[in-house]
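Report on one structure; see the data block that follows.
Protein chains in written order, with our numbering: chain A, 522 to 979; chain B, 29 to 276.
Right, here's the structure in full:
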């Protein structure tokens, strides 16, 4: 379907947003209603090194890793589970590998439903093999493999998703130079253009196969910024830049839902609270439970308006308690049981307040993802959506910057304040018109290694 | 929404408590050289070019390189080591220094001599190379010649590049555990070819346990360690000595 831009907020305020309920719930093949009143766990197993060598070995690895998680749900009495397999390179490079793993997991889930009544769902996240500075984003063997993988996986999976890479060549250049214009161009403009091109195709493939087109994430850029900003004592990237990149990412990730994606969104898209406010789709988020894969500074807060609760990725191996996928599925399930109990007891507002207050002022990035602030950023994006990708992304970034600057409880170090002041000044000085901004960027970044405007139809 | 006024019992902002202040020191008593060094410290890529061109009217290119460009960069590295500067400030300073060095090299008619070569790559099947980009910039800023093979590099290409360039060190970056499996293959082939140089591997899920499980491997925890490791390799430390120093 052609992209239909979103110009009205799905929610009236951040206060209205709540975990477990989305404006537009989604139902999977075996009957899991996501965003329909309760939160569901989503576990993400990752294969051990060496298992990628042959299809047979990888099938066996996923059979065990996914199967262990399903079994644990029955052992401890959790009613639902979504399993996500984020493709490793070999699964997308050989599209039939990803397809066979999806088929195998769907069969396991059917068996668990028949035997125990467990309601499970499978999300296949295709690897975006297109590295923008190495491949033509629209015409390369890797591009064709990505599309072929969607065709294979959509036959068996409940949900398909991707972590698309558009604009990363410019973003990588910009993030290590505190260059907010480059971040805006890479994520907000190039990323959005590439997503529109990609998601039109993904939605068509999903619909043809009765599969749910889940969503996208700016993992390759906004999460890179967040991970580089790191913890409280890291000195790689200012945290305020990661926060601004996140707001820009929300404008970019929204494109998937404008093209027909319905959610559940991708778990590692920390921009998802903003997405939920704008699009009303159910969101999957990850926080403290993803410490097995990476650290963040919003481990509880990011749970506040989730519809699925995830762990990002855990490598399959043994722990004292069982295998990692069993252990994490159990932890996620108990977290969901806690949230769902709060809903049943009528304590959801209090629970939301506890989660938000835990982390809201731990970091500027956390502050902008608190539901009320996420809504404000979404509103800035949506209010400028009709002016284009650039105007809405820029408006989102400026709103995020204002929120950080104007909240007296948000304490910043001197160097963070300096970085934010400079970024806001730079944002203010940018051209108003998208065409002028793109012209400026095409000139400014023409020598960035591998940047090819043609990849984006420019 | 109900919010607290005091969060001190919930979390602790170590960043606010340990914030460091500092400023670049003067690196030259010569005002012309000091001005160029200041452009490096400020990461001013546009301002530095006319300043270097002007300086080259009265000074030798080597004096400008050593007395201003490298001296300024050393000051930036010190500020980063002390936690005053963020990485982007180092990269911008490196960019400015490179503009100045290119102008000096033009005046000399030849490339500036570098300390030694380092071959860098990101593993086959892995396109997450921002860590390698940072390693490249830091090595370059510290006077090493970087042979940058880029991302998604096959094992044979890495081995061929090492044979051709004879670096003091080779590095590998990977985000995924399922791509880092290329590293021991590279180490094995280098050993077979009789090239026992330090092979520093790092990034994402690459662990110390994994990298130290094969010969030549040294685990790089942070990109910022790369220049120090290259200095050790240049000084003649073998991979066993370096592993003992940086790992375990």
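The beta-carbon is built from N, C-alpha and C at its ideal position, and this holds for glycine as well.
- Counting C-beta atoms within 10 angstroms of its own C-beta, residue 137 of chain B has fewer than 16 neighbours from the protein chains shown and is therefore classed as exposed.
- Distance between residue 960 of chain A and residue 704 of chain A, taken at the CA atoms: about 15 Å.
- If the five residues before and after residue 551 of chain A are omitted, its C-beta is found closer than 7 Å to the C-beta atoms of 630, 634, 640, 641 and 642, all from its own chain and listed in chain order.
- At least 8 Å separates the CB of residue 617 of chain A from every CB of chain B.
- The contact set of residue 874 of chain A on chain B, defined by CB atoms closer than 9 Å, consists of 29, 30 and 31 in chain order.
- DSSP places residue 767 of chain A in the helix class (H, G or I) of the three-state scheme.
- Here residue 885 of chain A carries a helix assignment [DSSP, helix/strand/coil].
- For residue 962 of chain A, the uninterrupted alpha helix (DSSP H) segment begins and ends at 955-965.
- Straight-line measurement puts the Cα of residue 134 of chain B at about 20 Å from the Cα of residue 101 of chain B.
- Distance check between residue 858 of chain A and each of A/540, A/533 and A/904 places A/540 closest, using alpha-carbon atoms only.
- Under the DSSP assignment, residue 644 of chain A falls outside any alpha helix (DSSP H), being part of the beta strand (DSSP E) whose first and last residues are 640-647.
- When B/202, B/153 and B/67 are compared, the shortest CA-CA separation from residue 92 of chain B is found for B/67.
- In terms of Cβ geometry, residue 244 of chain B and residue 274 of chain B do not form a close pair [threshold 8 Å].
- Cβ neighbours of residue 152 of chain B within its own chain (closer than 8 Å, five residues either side excluded): 180, 181, 182, 183, 207 and 210.
- With contacts defined as CB atoms closer than 8 Å, residue 901 of chain A and residue 922 of chain A fail to qualify as a contacting pair.
- Of the candidates A/547, A/525, A/574 and A/582, A/582 places its Cα closest to the Cα of residue 837 of chain A.
- If you look at residue 201 of chain B, you'll find it in the beta strand (DSSP E) that goes 197-201.
- Residue environment: residue 665 of chain A is assigned as exposed (fewer than 16 neighbouring CB atoms within 10 Å of its CB, all protein chains considered).
- For residue 47 of chain B, a Cβ of chain A is located within less than 8 Å of the residue's own Cβ.
- Between residue 79 of chain B and residue 64 of chain B, the gap from beta carbon to beta carbon is short of 8 Å.
- Under the Cβ criterion (8 Å, minimum of three pairs), the stretch 786-798 of chain A does not count as touching the stretch 922-934 of chain A.
- Taking a Cβ-Cβ threshold of 7 Å, the residues of chain B close to residue 609 of chain A are 204 and 206, in chain order.
- If you look at residue 562 of chain A, you'll find it in the beta strand (DSSP E) that goes 561-564.
- Under the 8 Å criterion on CB atoms, residue 882 of chain A is classed as interfacial with respect to chain B.
- Close to residue 759 of chain A, with beta-carbon spacing below 9 Å, are these residues of chain B in chain order: 114 and 116.
- Judged by DSSP secondary structure, residue 923 of chain A falls within the alpha helix (DSSP H) whose first and last residues are 910-927.
- For residue 683 of chain A, there is no enclosing alpha helix (DSSP H); the enclosing beta strand (DSSP E) covers residues 680-683.
- Taking the beta carbon of residue 877 of chain A as reference, the chain B residues within 7 Å of it are 29, listed in sequence order.
- Residue pairing by DSSP puts residue 539 of chain A in a beta bridge opposite A/542.
- Looking at the DSSP output, residue 146 of chain B sits in a beta bridge with B/174 and B/197.
- When the beta-carbon positions are compared, residue 593 of chain A and residue 850 of chain A come within less than 8 Å of each other.
- Under the 8 Å criterion on CB atoms, residue 698 of chain A is classed as interfacial with respect to chain B.
- Put simply, the CB of residue 209 of chain B is near chain A, with a gap under 8 Å to one of its CB atoms.
- Under DSSP, the beta-bridge partners assigned to residue 548 of chain A are A/554.
- Boundaries of the beta strand (DSSP E) around residue 807 of chain A: 805-807.
- Taking each of B/62, B/98 and B/114 in turn and checking the Cα distance to residue 83 of chain B, the smallest one comes out for B/62.
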